[in-house]
Amino acid sequence: MARIGFIGLGIMGLPMAVNLVRAGHDVTGFNRSPGRTARFAEQGGTAADSARAAVEGAEVVITMLPDSPDVDAVADDVLTAAGALWIDMSTIAPATARAVADRAHRSGLRALDAPVSGGEQGAVEGTLSVMVGGAADDVAAARPVLEVLGKTIVHVGPAGSGQTVKAANQLIVAGTIGLVAEALTLLRAQDVDLASAVEVLSGGLAGSAVLDRKATPMLTHEFTPGFRVDLHHKDLGIALGSAREAGVPLPLGAAVAQLMAAARTQGHGDLDHSALLLVLEQLAGL
Ligand code: NAD
1 MARIGFIGLG IMGLPMAVNL VRAGHDVTGF NRSPGRTARF AEQGGTAADS
51 ARAAVEGAEV VITMLPDSPD VDAVADDVLT AAGALWIDMS TIAPATARAV
101 ADRAHRSGLR ALDAPVSGGE QGAVEGTLSV MVGGAADDVA AARPVLEVLG
151 KTIVHVGPAG SGQTVKAANQ LIVAGTIGLV AEALTLLRAQ DVDLASAVEV
201 LSGGLAGSAV LDRKATPMLT HEFTPGFRVD LHHKDLGIAL GSAREAGVPL
251 PLGAAVAQLM AAARTQGHGD LDHSALLLVL EQLAGL
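Start counting the sequence shown at 1; every next residue gets the next number (full-length UniProt numbering).
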């Protein structure tokens, strides 16, 4: 069992760190807002009062932070854990992931980018899909830890590739939410029974994990996150930035990014990303 330092105990990080404790690992956690660290301690983890204290003596360091600058902000502390394997599971820009891996290697650490999909439910149940970028040996070393957190763990290529795959994932999810929101808005405007419509749509080619998990809360306007609009807006920025680097047009991704931006300006940044429905309803005058 490994000695693990875990930084970032938010919606995703807390249940992931708790699953590692339950699997028998020795996990020391740190979160910037101390209430979350206290919740981790209540569930069997060891609380640290700084990132540096969390990683002291760690064989594995896991970061689960909101965005690229947050990962950069803890890098100096993580790099004090010489010899450790740093698995960054946050969703950040591929270029930042590559830079972080470079810095880690120069400081005598191994590093992987291992962003996840599957949401809070996947984090709680330990069924996340994990897209891993880095060296094959390091992926093999990380696998026993990653298998506690996820069900589908795939090595997709060298450093940064995990983040590129995650950007693709976020395009698909945002586009699907956008079209589910448009479909529900159309159905509602035409006075169709929404629950019956969702039931039959789910059984055909329109069926999806988004429809299964998000349609019912969308029908009842239950937008507790889950995955916040602010974070999905950040991810679409990452996808569009990567597309610009690669010279690839993403017309639908750009459109859904604008809808996500509108959700933020309308004050929905802290709601679940399915709150995109509120923007569509407003456009429709509903
Ligand atoms: P969150 O905002 O709930 O959690 C992030 C946590 O990091 C917060 O508790 C915050 O206080 C803490 N934090 C920020 N800076 C810190 C620092 N310097 N040191 C210590 N703690 C710090 O976000 P989340 O929903 O848990 O998402 C985390 C990452 O996972 C993001 O990159 C997100 O895009 C990605 N993700 C989220 C979901 C989801 O459904 N929520 C799904 C897949 C991937």
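Built from N, CA and C at the ideal position, the CB exists for glycine as well.
- Under DSSP, V173 shares a beta bridge with no residue.
- Only residues of its own chain outside the window of five on either side were considered, and among them R36, R39 and F40 have a CB closer than 7 Å to the CB of L14, listed in chain order.
- For T176, the closest C-alpha among the options V210, G267, R228 and G119 is that of V210.
- DSSP, read as helix, strand or coil, puts L9 in coil.
- Distances taken from the Cβ of L231 to the heavy atoms of ligand 1 include one shorter than 7 Å.
- At least one heavy atom of ligand 1 falls within 7 Å of the beta-carbon of E120.
- A heavy atom of ligand 1 is found nearer than 7 Å to the CB of V116.
- DSSP places H25 in the coil class of the three-state scheme, outside both helix and strand.
- By the Cβ rule, the region 85-92 counts as touching the region 104-118, because three or more pairs are nearer than 8 Å.
- Assignment of V248 by DSSP, reduced to helix, strand and coil, places it in the coil class.
- In the DSSP assignment, T63 falls within the unbroken beta strand (DSSP E) covering V60 to T63.
- The alpha-carbon separation between P225 and D272 amounts to approximately 4 Å.
- The alpha-carbon of A246 is positioned some 11 Å away from that of T164.
- Separation of G122 and T220 (C-alpha to C-alpha, rounded to the nearest whole angstrom) is 22 Å.
- For the region 53-98, the full-length beta strand (DSSP E) segments reaching 3 residues or more read 60-63 and 85-88 along the chain.
- Around the beta carbon of R143, fewer than 16 other beta carbons lie within 10 angstroms, which makes this residue exposed.
- Between V78 and A99, the gap from beta carbon to beta carbon reaches 8 Å or more.
- Bridge pairing for G133: D113 and G157 [DSSP].
- In its chain, beyond the 5 residues on either side, L171, A174, G175, L236, A239, L240 and A243 have a beta carbon closer than 8 Å to the beta carbon of G253.
- For G150, the beta-bridge partners assigned by DSSP are L128.
- Here G29 is near A47, since their CB atoms are less than 8 Å apart.
- Apart from sequence neighbours up to five positions away, the residues of its chain that approach V27 with a beta-carbon distance below 6 Å are I4, F6, A17, L20, V21 and G45, ordered along the chain.
- For ligand 1, a non-hydrogen atom lies closer than 7 Å to the CB of T91.
- Residue pairing by DSSP places A47 opposite G29 in a beta bridge.
- The Cβ neighbour count for A82, taken over all protein chains shown within 10 Å, is under 16; the residue is labelled exposed.
- Rounded to the nearest whole angstrom, the CA to CA distance from V156 to N31 is 29 Å.
- Secondary structure note for A38: its alpha helix (DSSP H) is the uninterrupted segment P34 to E42.
- Shortest Cα-Cα distance from A262 to any of E42, G162 and V279 involves V279.
- Put simply, the backbone Cα of A2 is about 7 Å away from that of V60.
- Within the DSSP secondary-structure output, I4 pairs in a beta bridge with V27 and V60.
- D191 sits in coil when the DSSP states are folded into three classes, being neither helix nor strand.
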